[in-house]
Amino acid sequence: MPPSRTPGKEKENTADREDIASLNPAWLRTFIEVYRAGSFGKAAHRLHISQPAVTQQIRGLEQRAGVRLFVRHATGSEPTPAADLLARDAEGPVNALDSVLKRHFGTGDPRRPLRLGAPSDLISDRILPALADMLMDRIQLRTTLALSDTLLSQLVSGELDIAVVRTRPRLKGVSARPLYDEECSLVAAPGIARALPGDLLALEAPQAPQVPQVLEALEALDGHPLVAFAESLPLIDHYWWSVFHTPASRTPEVVLPDHRAVLAAVRASVGITVVPAHLCADDIARGTLVNLLEPAVPPIVTTYLAVREGDIAHPEVSEAHKRLLDQGRTWS
1 MPPSRTPGKE KENTADREDI ASLNPAWLRT FIEVYRAGSF GKAAHRLHIS
51 QPAVTQQIRG LEQRAGVRLF VRHATGSEPT PAADLLARDA EGPVNALDSV
101 LKRHFGTGDP RRPLRLGAPS DLISDRILPA LADMLMDRIQ LRTTLALSDT
151 LLSQLVSGEL DIAVVRTRPR LKGVSARPLY DEECSLVAAP GIARALPGDL
201 LALEAPQAPQ VPQVLEALEA LDGHPLVAFA ESLPLIDHYW WSVFHTPASR
251 TPEVVLPDHR AVLAAVRASV GITVVPAHLC ADDIARGTLV NLLEPAVPPI
301 VTTYLAVREG DIAHPEVSEA HKRLLDQGRT WS
(Lines of atoms letter the chains of each structure in order from A and count residues from 1; the text may use other names and numbers.)
(Lines give C-alpha, C1' and ligand atoms only; values in the text may rest on other atoms or scores of the structure.)
Protein backbone atom coordinates (compact mmCIF):
# COMPACT_ATOMS: atom_id res chain seq x y z
CA MET A 1 0.00 0.00 0.00
CA PRO A 2 1.62 3.32 -1.08
CA PRO A 3 2.32 5.82 1.68
CA SER A 4 -0.26 8.51 2.18
CA ARG A 5 0.61 12.00 0.96
CA THR A 6 -0.01 15.17 2.85
CA PRO A 7 -1.61 17.76 0.52
CA GLY A 8 0.05 20.68 2.29
CA LYS A 9 3.49 19.09 2.14
CA GLU A 10 3.04 18.17 -1.53
CA LYS A 11 2.14 21.76 -2.39
CA GLU A 12 5.20 22.98 -0.48
CA ASN A 13 7.52 20.60 -2.37
CA THR A 14 5.98 21.61 -5.69
CA ALA A 15 6.51 25.27 -4.84
CA ASP A 16 10.14 24.59 -3.94
CA ARG A 17 10.70 22.78 -7.24
CA GLU A 18 9.13 25.61 -9.21
CA ASP A 19 11.18 28.16 -7.27
CA ILE A 20 14.43 26.33 -8.05
CA ALA A 21 13.44 25.76 -11.68
CA SER A 22 12.91 29.49 -12.17
CA LEU A 23 16.46 30.25 -10.96
CA ASN A 24 18.65 30.96 -13.97
CA PRO A 25 21.88 28.87 -13.73
CA ALA A 26 23.68 31.60 -15.68
CA TRP A 27 23.36 33.78 -12.60
CA LEU A 28 25.67 31.42 -10.74
CA ARG A 29 28.26 31.68 -13.51
CA THR A 30 28.03 35.47 -13.24
CA PHE A 31 28.39 35.24 -9.48
CA ILE A 32 31.54 33.10 -9.81
CA GLU A 33 33.09 35.61 -12.23
CA VAL A 34 32.38 38.54 -9.89
CA TYR A 35 33.80 36.55 -6.99
CA ARG A 36 36.99 35.77 -8.91
CA ALA A 37 37.47 39.20 -10.44
CA GLY A 38 36.53 41.21 -7.35
CA SER A 39 34.68 43.64 -9.58
CA PHE A 40 31.31 43.83 -11.35
CA GLY A 41 32.94 45.67 -14.26
CA LYS A 42 35.70 43.10 -14.79
CA ALA A 43 33.18 40.27 -14.62
CA ALA A 44 30.99 41.99 -17.21
CA HIS A 45 33.97 42.38 -19.54
CA ARG A 46 34.94 38.72 -19.23
CA LEU A 47 31.36 37.51 -19.70
CA HIS A 48 30.74 39.87 -22.65
CA ILE A 49 27.63 41.32 -21.05
CA SER A 50 26.81 44.77 -19.70
CA GLN A 51 27.62 45.80 -16.15
CA PRO A 52 23.92 46.54 -15.42
CA ALA A 53 23.16 42.95 -16.46
CA VAL A 54 25.74 41.67 -13.98
CA THR A 55 24.26 43.86 -11.26
CA GLN A 56 20.75 42.62 -12.05
CA GLN A 57 21.78 38.97 -11.90
CA ILE A 58 23.65 39.36 -8.61
CA ARG A 59 20.70 41.24 -7.13
CA GLY A 60 18.45 38.40 -8.30
CA LEU A 61 20.61 35.85 -6.50
CA GLU A 62 20.66 37.98 -3.36
CA GLN A 63 16.88 38.27 -3.37
CA ARG A 64 16.43 34.53 -3.84
CA ALA A 65 19.02 33.66 -1.17
CA GLY A 66 17.86 36.35 1.21
CA VAL A 67 21.45 37.43 1.92
CA ARG A 68 23.86 40.04 0.66
CA LEU A 69 26.66 38.59 -1.46
CA PHE A 70 28.91 41.57 -2.18
CA VAL A 71 29.72 44.92 -0.64
CA ARG A 72 30.62 47.34 -3.42
CA HIS A 73 33.17 50.09 -2.86
CA ALA A 74 35.37 52.39 -4.92
CA THR A 75 38.03 49.81 -5.76
CA GLY A 76 35.83 46.76 -6.38
CA SER A 77 33.48 44.34 -4.65
CA GLU A 78 34.15 42.60 -1.36
CA PRO A 79 32.50 39.16 -0.95
CA THR A 80 30.52 38.56 2.21
CA PRO A 81 30.77 35.33 4.25
CA ALA A 82 27.61 34.17 2.46
CA ALA A 83 29.40 34.69 -0.87
CA ASP A 84 32.40 32.69 0.34
CA LEU A 85 30.10 29.80 1.22
CA LEU A 86 28.20 29.95 -2.08
CA ALA A 87 31.45 30.14 -4.08
CA ARG A 88 32.83 27.11 -2.29
CA ASP A 89 29.73 25.08 -3.16
CA ALA A 90 29.07 26.43 -6.66
CA GLU A 91 32.46 26.92 -8.30
CA GLY A 92 33.17 23.27 -9.05
CA PRO A 93 29.70 22.45 -10.44
CA VAL A 94 29.64 25.62 -12.56
CA ASN A 95 33.04 24.78 -14.07
CA ALA A 96 31.97 21.17 -14.63
CA LEU A 97 28.80 22.30 -16.42
CA ASP A 98 30.84 24.64 -18.62
CA SER A 99 33.10 21.75 -19.55
CA VAL A 100 30.14 19.49 -20.43
CA LEU A 101 28.54 22.18 -22.59
CA LYS A 102 31.80 22.88 -24.36
CA ARG A 103 32.58 19.20 -24.93
CA HIS A 104 29.17 18.10 -26.18
CA PHE A 105 27.57 21.19 -27.66
CA GLY A 106 30.50 23.33 -28.70
CA THR A 107 29.47 26.26 -26.54
CA GLY A 108 31.95 28.83 -25.33
CA ASP A 109 35.23 29.55 -27.09
CA PRO A 110 36.79 26.19 -28.01
CA ARG A 111 40.03 27.92 -29.02
CA ARG A 112 40.56 29.91 -25.84
CA PRO A 113 44.23 29.44 -24.96
CA LEU A 114 45.50 28.01 -21.72
CA ARG A 115 46.95 31.01 -19.88
CA LEU A 116 50.00 30.19 -17.77
CA GLY A 117 52.36 32.45 -15.87
CA ALA A 118 55.83 31.57 -14.57
CA PRO A 119 59.40 32.84 -14.26
CA SER A 120 61.12 32.90 -17.64
CA ASP A 121 63.67 30.22 -16.80
CA LEU A 122 60.94 27.76 -15.78
CA ILE A 123 58.94 28.35 -18.96
CA SER A 124 61.83 27.38 -21.22
CA ASP A 125 63.58 24.74 -19.12
CA ARG A 126 60.72 22.99 -17.37
CA ILE A 127 57.19 23.91 -18.41
CA LEU A 128 57.28 23.79 -22.21
CA PRO A 129 58.94 20.34 -22.27
CA ALA A 130 56.39 19.07 -19.74
CA LEU A 131 53.46 20.31 -21.85
CA ALA A 132 54.90 19.36 -25.25
CA ASP A 133 52.39 16.55 -25.89
CA MET A 134 49.46 18.85 -25.10
CA LEU A 135 50.78 21.47 -27.50
CA MET A 136 51.17 18.83 -30.22
CA ASP A 137 47.44 18.16 -29.78
CA ARG A 138 46.93 21.80 -30.83
CA ILE A 139 46.12 23.12 -27.39
CA GLN A 140 46.94 26.82 -27.48
CA LEU A 141 49.19 28.28 -24.79
CA ARG A 142 49.77 31.89 -23.80
CA THR A 143 52.45 32.67 -21.23
CA THR A 144 53.12 35.56 -18.89
CA LEU A 145 56.62 36.09 -17.50
CA ALA A 146 56.60 38.02 -14.24
CA LEU A 147 57.43 38.01 -10.54
CA SER A 148 55.46 35.72 -8.25
CA ASP A 149 53.35 38.48 -6.66
CA THR A 150 52.30 39.76 -10.08
CA LEU A 151 51.46 36.26 -11.31
CA LEU A 152 49.33 35.50 -8.25
CA SER A 153 47.47 38.79 -8.65
CA GLN A 154 46.72 37.92 -12.27
CA LEU A 155 45.62 34.43 -11.25
CA VAL A 156 43.15 35.81 -8.71
CA SER A 157 41.76 38.33 -11.21
CA GLY A 158 41.20 35.62 -13.82
CA GLU A 159 43.91 36.73 -16.24
CA LEU A 160 45.76 33.43 -15.73
CA ASP A 161 44.59 29.83 -15.43
CA ILE A 162 47.79 28.53 -13.81
CA ALA A 163 50.63 30.28 -12.01
CA VAL A 164 54.00 28.70 -11.26
CA VAL A 165 55.56 30.72 -8.45
CA ARG A 166 58.47 30.62 -6.03
CA THR A 167 56.54 31.97 -3.04
CA ARG A 168 53.88 30.04 -1.14
CA PRO A 169 50.44 31.38 -2.16
CA ARG A 170 48.23 32.33 0.79
CA LEU A 171 45.24 33.80 -1.02
CA LYS A 172 41.55 33.15 -0.68
CA GLY A 173 40.21 31.14 -3.58
CA VAL A 174 43.65 29.90 -4.68
CA SER A 175 44.74 26.28 -4.39
CA ALA A 176 48.49 25.63 -4.43
CA ARG A 177 50.58 22.48 -4.37
CA PRO A 178 54.37 22.15 -4.08
CA LEU A 179 55.78 21.43 -7.53
CA TYR A 180 59.43 20.77 -6.68
CA ASP A 181 62.29 21.81 -4.38
CA GLU A 182 65.59 23.13 -5.65
CA GLU A 183 68.85 24.28 -4.12
CA CYS A 184 70.08 27.85 -4.59
CA SER A 185 73.67 28.82 -5.31
CA LEU A 186 75.65 31.99 -4.54
CA VAL A 187 77.82 32.54 -7.61
CA ALA A 188 80.32 34.95 -9.12
CA ALA A 189 82.75 35.08 -12.01
CA PRO A 190 86.20 33.54 -11.36
CA GLY A 191 87.87 36.96 -11.10
CA ILE A 192 85.54 38.08 -8.32
CA ALA A 193 85.87 34.71 -6.57
CA ARG A 194 89.67 35.07 -6.54
CA ALA A 195 89.35 38.52 -4.98
CA LEU A 196 87.37 37.15 -2.02
CA PRO A 197 89.14 35.90 1.13
CA GLY A 198 90.19 32.28 0.81
CA ASP A 199 88.46 31.29 4.03
CA LEU A 200 85.11 32.48 2.67
CA LEU A 201 84.91 29.34 0.57
CA ALA A 202 85.51 27.29 3.72
CA LEU A 203 82.28 28.55 5.33
CA GLU A 204 80.45 25.23 5.12
CA ALA A 205 77.73 25.37 7.76
CA PRO A 206 75.07 27.92 8.74
CA GLN A 207 76.23 29.90 11.76
CA ALA A 208 74.93 32.70 13.95
CA PRO A 209 75.26 36.16 12.34
CA GLN A 210 77.68 37.41 15.02
CA VAL A 211 80.26 34.66 14.51
CA PRO A 212 83.44 36.48 13.35
CA GLN A 213 83.85 34.29 10.28
CA VAL A 214 80.28 35.08 9.19
CA LEU A 215 80.76 38.80 9.76
CA GLU A 216 83.94 38.70 7.68
CA ALA A 217 82.14 36.79 4.92
CA LEU A 218 79.30 39.32 4.82
CA GLU A 219 81.76 42.22 4.75
CA ALA A 220 83.65 40.60 1.88
CA LEU A 221 80.44 39.99 -0.09
CA ASP A 222 79.27 43.56 0.56
CA GLY A 223 82.36 44.73 -1.28
CA HIS A 224 80.94 43.53 -4.59
CA PRO A 225 77.84 44.68 -6.51
CA LEU A 226 74.68 42.66 -6.06
CA VAL A 227 72.87 41.57 -9.22
CA ALA A 228 69.24 40.70 -8.50
CA PHE A 229 66.13 39.35 -10.17
CA ALA A 230 63.94 41.89 -8.33
CA GLU A 231 64.25 44.83 -5.97
CA SER A 232 62.86 42.69 -3.15
CA LEU A 233 65.80 40.22 -3.48
CA PRO A 234 63.57 37.12 -3.16
CA LEU A 235 66.19 34.39 -3.66
CA ILE A 236 69.09 36.42 -2.27
CA ASP A 237 67.28 37.27 0.96
CA HIS A 238 66.23 33.63 1.35
CA TYR A 239 69.86 32.56 0.93
CA TRP A 240 71.13 35.13 3.44
CA TRP A 241 68.59 34.04 6.06
CA SER A 242 69.34 30.35 5.50
CA VAL A 243 73.13 30.59 5.57
CA PHE A 244 73.94 33.74 7.56
CA HIS A 245 70.78 34.00 9.70
CA THR A 246 70.39 37.65 8.75
CA PRO A 247 68.52 39.50 5.98
CA ALA A 248 70.27 40.76 2.88
CA SER A 249 69.83 44.38 3.91
CA ARG A 250 71.22 45.80 0.69
CA THR A 251 69.92 47.64 -2.32
CA PRO A 252 70.93 45.76 -5.47
CA GLU A 253 73.22 47.60 -7.84
CA VAL A 254 71.65 45.88 -10.86
CA VAL A 255 68.10 44.51 -11.26
CA LEU A 256 67.32 42.31 -14.26
CA PRO A 257 63.88 40.59 -14.24
CA ASP A 258 65.22 37.46 -15.94
CA HIS A 259 67.52 34.91 -14.32
CA ARG A 260 69.37 34.29 -17.60
CA ALA A 261 70.14 37.99 -17.92
CA VAL A 262 71.27 37.98 -14.28
CA LEU A 263 73.67 35.12 -15.03
CA ALA A 264 75.00 36.88 -18.13
CA ALA A 265 75.79 39.95 -16.03
CA VAL A 266 77.52 37.86 -13.36
CA ARG A 267 79.56 36.01 -15.99
CA ALA A 268 80.73 39.43 -17.17
CA SER A 269 82.00 40.17 -13.62
CA VAL A 270 79.30 42.75 -12.91
CA GLY A 271 78.75 41.31 -9.42
CA ILE A 272 77.47 38.38 -7.38
CA THR A 273 74.02 36.78 -7.26
CA VAL A 274 71.91 33.86 -6.04
CA VAL A 275 70.12 31.70 -8.61
CA PRO A 276 68.42 28.28 -8.75
CA ALA A 277 71.12 25.63 -8.99
CA HIS A 278 69.95 24.14 -12.29
CA LEU A 279 70.57 27.45 -14.05
CA CYS A 280 74.22 27.74 -13.09
CA ALA A 281 75.26 24.06 -13.02
CA ASP A 282 76.74 24.10 -16.54
CA ASP A 283 78.61 27.36 -15.88
CA ILE A 284 80.11 25.95 -12.70
CA ALA A 285 81.13 22.77 -14.53
CA ARG A 286 82.79 24.83 -17.29
CA GLY A 287 84.48 27.17 -14.82
CA THR A 288 82.75 30.32 -16.11
CA LEU A 289 81.11 30.74 -12.68
CA VAL A 290 82.22 29.78 -9.18
CA ASN A 291 79.94 28.54 -6.40
CA LEU A 292 81.18 30.78 -3.57
CA LEU A 293 79.80 28.76 -0.65
CA GLU A 294 78.88 25.14 -0.05
CA PRO A 295 76.76 25.13 3.12
CA ALA A 296 76.25 21.80 4.86
CA VAL A 297 72.51 22.43 4.49
CA PRO A 298 72.02 24.18 1.14
CA PRO A 299 69.21 26.75 0.96
CA ILE A 300 66.13 25.25 -0.67
CA VAL A 301 63.50 27.16 -2.62
CA THR A 302 60.10 25.53 -3.21
CA THR A 303 58.21 26.20 -6.42
CA TYR A 304 54.41 26.02 -6.25
CA LEU A 305 51.72 25.24 -8.81
CA ALA A 306 48.70 27.48 -8.20
CA VAL A 307 45.19 27.53 -9.68
CA ARG A 308 41.92 29.13 -8.68
CA GLU A 309 39.78 26.78 -6.62
CA GLY A 310 37.29 25.06 -8.90
CA ASP A 311 39.18 25.77 -12.14
CA ILE A 312 40.75 22.33 -11.98
CA ALA A 313 37.44 21.09 -13.43
CA HIS A 314 38.37 22.66 -16.79
CA PRO A 315 39.87 19.89 -18.96
CA GLU A 316 42.88 21.86 -20.25
CA VAL A 317 43.70 23.24 -16.81
CA SER A 318 43.32 19.80 -15.24
CA GLU A 319 45.53 18.13 -17.85
CA ALA A 320 48.28 20.76 -17.62
CA HIS A 321 48.11 20.68 -13.82
CA LYS A 322 48.51 16.88 -13.78
CA ARG A 323 51.37 16.88 -16.30
CA LEU A 324 53.30 19.53 -14.40
CA LEU A 325 52.88 17.73 -11.07
CA ASP A 326 54.00 14.46 -12.65
CA GLN A 327 57.07 16.06 -14.23
CA GLY A 328 57.84 18.08 -11.11
CA ARG A 329 58.68 14.86 -9.28
CA THR A 330 61.65 14.43 -11.63
CA TRP A 331 62.98 17.99 -11.25
CA SER A 332 65.54 19.12 -8.71
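In UniProt numbering, the protein residues as written are 1 to 332. Even glycine gets a Cβ: it sits at the ideal position worked out from N, Cα and C.
What are the start and end residues of the beta strand (DSSP E) that includes residue i?
i    : result
E253 : Note, E253: premise wrong, no beta strand (DSSP E); not H, not E.
I162 : 162-165
L196 : From DSSP, L196 is part of no beta strand (DSSP E); its letter is neither H nor E.
If I'm right that residue i touches residue j with Cβ under 8 Å, what's the distance once you round it to whole angstroms?
i    : j    : result
H238 : C184 : 7 Å
T273 : V187 : 6 Å
S269 : A189 : 4 Å
V275 : F244 : Contact doesn't hold; Cβ gap of about 18 Å is too wide.
R250 : D222 : 7 Å
L135 : T144 : Rounded, the Cβ-Cβ distance is 17 Å, inconsistent with contact.
P113 : L141 : 6 Å
V301 : L235 : 6 Å
L28  : V94  : 5 Å
E91  : S332 : About 34 Å; that fails the 8 Å criterion.
L263 : D283 : 7 Å
V290 : A193 : 4 Å
P225 : G271 : 3 Å
Going by DSSP, name the residue or residues bridged to residue i.
i    : result
G173 : Per DSSP, none; premise fails for G173.
Y180 : T303
S77  : R72
L226 : I272
L186 : V274
Along the chain, where does the alpha helix (DSSP H) containing residue i start, and where does it finish?
i    : result
R29  : 25-37
R115 : No alpha helix (DSSP H) contains R115, which is instead part of the beta strand (DSSP E) from 114-118.
H238 : 234-244
G41  : 40-47
G60  : 51-65
R260 : 259-267
Query - the region 320-327 touching the region 289-298, judged by at least three CB pairs closer than 8 Å - result: no
**Report entry** At least 3 beta-carbon pairs within less than 8 Å: the region 158-168 vs the region 214-233
**Finding:** no
Requested in this report: Tell me the start and end of each unbroken beta strand (DSSP E) in the region 121-151 that is at least 3 residues and wholly inside, in chain order.
Outcome: 141-145
Requested in this report: For the region 272-330, list the alpha helix (DSSP H) runs that are entirely contained and at least 4 residues long, ordered along the chain.
Outcome: 277-286, 315-328
Query - Inter-stretch contact at 8 Å, needing at least 3 Cβ pairs: the region 80-87 / the region 24-38 - result: yes
Query raised in the report: Hey, is the region 165-185 in contact with the region 49-67, meaning 3+ C-beta pairs nearer than 8 Å?
Result: In short, these stretches do not touch, since the Cβ pair count stays below three.
Query raised in the report: Counting pairs of Cβ atoms below 8 Å between the region 305-318 and the region 247-257, do you hit three or more?
Result: no
Query raised in the report: Quick check: the region 72-82 against the region 119-138, are there 3 or more CB pairs under 8 Å?
Result: no
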